[in-house]
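A.B. asks:
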Amino acid sequence: MLSVDSLQVTYGGAVEAVRGVSMEVPDGAVVAVLGSNGAGKSTLLRTISGTLRLHRGRVDAGTVRFGDLDLTRRDAGQIVRAGVVQVPEGRRIFGRLTVEENLRAGGMGNRDRAAKAEAITRVHDLFPVLRERSGQRAGLLSGGEQQMLAIGRALMASPRLLLLDEPSLGLAPRVIGQIGEVIAEINRQGTSVLLVEQNATMALGVATHAYVLDVGRVSLSGDARELAQSDEVQRLYLGHT
Ligand code: ATP
């Protein structure tokens, strides 16, 4: 289980991006974090994945634990080895490399060739389009395919917990639906998921539990289906008045 306790994060010693957040992802769960622009969602994920420092952020207080391990302030490589892998916001695939080379880059930490081949097969089975496009330059893929490649690349590290930062960003509704289905399938295969989204319909459809962040604090949390029915979520995130 991932547990974040009383986390406080600032940028440049001034901007308080996360102001005392506590949350959990139980083993085997899909948990969603909703919130508008600037709520602190990406900061929360960066802190968990150890990439906060690249953005000049700092943990001022609180802890991030994964099972028995204290991940607070660990570096990104150690966190990946602990089984927590992030799909970054904006995908960040290597456009000049082929689809296959991108996937292999995600499996670099895995020296076992058989295990790597097995991981590629698993990714290809989840995303048949990546098998079809294996030798193509990744930059030529559509936005949805690039998102699938970014998720596939993260799966190459065989995560126990997958962190997703707004996978629906810039995608057509039909493609967002496909991404939601893939997240559910990844979870059925045994990987826990922490899903940061502005698209509440998709996120609450796939998650069991959800948190709403508002200016760095948790303003609401609970069962995803119940939250989807709540007045505040309906009004703010599902477009109902
Ligand atoms: P978005 O959906 O726009 O990414 P978010 O909920 O993910 O929003 P964050 O990106 O975590 O929110 O931002 C939280 C706060 O921290 C905002 O006020 C933002 O301006 C600030 N912030 C984010 N990154 C940095 C940075 N590298 N340096 C300074 N301030 C930052």
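All the letters of the sequence shown, read from the start, carry residue numbers 1 to 241 under my numbering. For every residue, glycine included, the Cβ atom is placed at its ideal position computed from N, Cα and C.
Does DSSP put S42 in a helix, a strand or coil?
C.D. replies: In the sequence shown, residue 42 corresponds to position 42, counting from 1. Helix.
A.B. asks: Among V196, V99, D60, Y211, which one has its Cα closest to the Cα of S134?
C.D. replies: The sequence position of residue 134 within the sequence shown is 134, counting from 1. For the residues V196, V99, D60, Y211, the minimum Cα distance to S134 belongs to V99.
A.B. asks: Where do the N-terminal and C-terminal ends of the alpha helix (DSSP H) with A157 fall, by residue?
C.D. replies: For this step, residue 157 is matched to residue 157 along the sequence shown. Taken as a continuous stretch (DSSP letters only), A157 belongs to no alpha helix (DSSP H), as it is neither H nor E.
A.B. asks: For V182, list the residues DSSP reports as bridge partners.
C.D. replies: Start at 1 with the first residue of the sequence shown, and residue 182 comes out as number 182. The partner list for V182 (beta bridge, DSSP) is empty, contrary to what the question assumes.
A.B. asks: Does R65 come out as helix, strand or coil in the three-state DSSP assignment?
C.D. replies: As a position in the sequence shown, residue 65 is number 65, starting the count at 1. Strand.
A.B. asks: Compute every distance between the C-beta of S42 and the non-hydrogen atoms of the ligand ATP, then say whether any falls below 6 Å.
C.D. replies: As a first step, residue 42 must be located in the sequence shown, where it is residue number 42. Within the cutoff, so yes.
A.B. asks: Suppose you measure from the CA of G109 to the CA of G77; what does that come to, to the nearest Å?
C.D. replies: Taking the first residue of the sequence shown as 1, we reach residue 109 at position 109. Taking the first residue of the sequence shown as 1, we reach residue 77 at position 77. C-alpha separation (whole angstroms): 9 Å.
A.B. asks: Does DSSP put E197 in a helix, a strand or coil?
C.D. replies: Within the sequence shown, numbered from 1, the residue matching residue 197 stands at position 197. Strand, per DSSP.
A.B. asks: Buried or exposed: where does M23 fall if 16 or more other Cβ atoms within 10 Å of its Cβ makes it buried?
C.D. replies: As a working mapping, residue 23 is identified with position 23 in the sequence shown. Counting Cβ neighbours within 10 Å, M23 comes out buried, since at least 16 surround it.
A.B. asks: Where do the ends of the alpha helix (DSSP H) carrying A252 lie?
C.D. replies: Here the chain comprises residues numbered 1 to 241, so residue 252 is not present and cannot be evaluated.
A.B. asks: Name, in chain order, the residues that DSSP records as bridge partners for R122.
C.D. replies: Numbered from its first residue, the sequence shown carries residue 122 at position 122. Answer is none; R122 lacks a bridge partner.
A.B. asks: May I have the straight-line CA-CA distance separating L44 from A184, to the nearest angstrom?
C.D. replies: Numbered from its first residue, the sequence shown carries residue 44 at position 44. Numbered from its first residue, the sequence shown carries residue 184 at position 184. Using only the alpha carbons, I get a separation of about 22 Å.
A.B. asks: Quick one: is A13 buried, meaning 16 or more other Cβ sit within 10 Å of its Cβ, or exposed?
C.D. replies: As a working note, residue 13 is residue 13 in the sequence shown. Reading off the sequence shown, one finds Gly at residue 13, where the question assumed Ala. G13 comes out exposed.
A.B. asks: So is the beta-carbon of Y237 under 6 Å away from any non-hydrogen atom of the ligand ATP?
C.D. replies: By 1-based counting over the sequence shown, the position of residue 237 is 237. Answer for Y237: no, Cβ out of range of the ligand ATP.
A.B. asks: For the ligand ATP, I want to know if N37 counts as a neighbour, meaning its beta carbon is within less than 6 Å of at least one of the ligand's heavy atoms.
C.D. replies: Working through the sequence shown from its first residue, we reach residue 37 at position 37. Yes.
A.B. asks: Is it true that the CB of T63 sits closer than 7 Å to the CB of D112?
C.D. replies: If you number the sequence shown from 1, residue 112 lands on position 112. If you number the sequence shown from 1, residue 63 lands on position 63. No. Outside cutoff.
A.B. asks: So, does the region 142 to 150 touch the region 125 to 133, judging by three or more C-beta pairs under 8 Å?
C.D. replies: Yes, since at least three Cβ pairs between the region 142 to 150 and the region 125 to 133 fall closer than 8 Å, the two stretches touch.
A.B. asks: Decide if T121 is buried, meaning its Cβ has at least 16 other Cβ atoms within 10 Å, or exposed.
C.D. replies: Indexing the sequence shown from 1 puts residue 121 at position 121. With fewer than 16 Cβ atoms within 10 Å of its Cβ, T121 is classed as exposed.
A.B. asks: Straight-line CA distance for G20 to V85?
C.D. replies: Numbered from its first residue, the sequence shown carries residue 20 at position 20. Numbered from its first residue, the sequence shown carries residue 85 at position 85. Using only the alpha carbons, I get a separation of about 23 Å.
A.B. asks: Between which residues of its own chain and V218 is the CB-CB distance below 8 Å, once the five residues before and five after are set aside?
C.D. replies: Working through the sequence shown from its first residue, we reach residue 218 at position 218. Counting only Cβ-Cβ distances below 8 Å, and skipping sequence neighbours, we find V21, S22, M23, Y211, V212.
A.B. asks: Hey, would you say the C-beta of H55 is under 6 Å away from at least one heavy atom of the ligand ATP?
C.D. replies: As a working mapping, residue 55 is identified with position 55 in the sequence shown. Yes, the beta carbon of H55 sits closer than 6 Å to at least one heavy atom of the ligand ATP.
A.B. asks: What does a CB cutoff of less than 8 Å around V59 pick up in its chain, not counting 5 residues either side in sequence?
C.D. replies: Numbered from its first residue, the sequence shown carries residue 59 at position 59. Taken in chain order, the residues that qualify are L7, Q8, V9, T47, L52, T72, R73.
A.B. asks: Put T47 into one of helix, strand or coil per three-state DSSP.
C.D. replies: Indexing the sequence shown from 1 puts residue 47 at position 47. The answer is helix: DSSP assigns T47 an H, G or I state.
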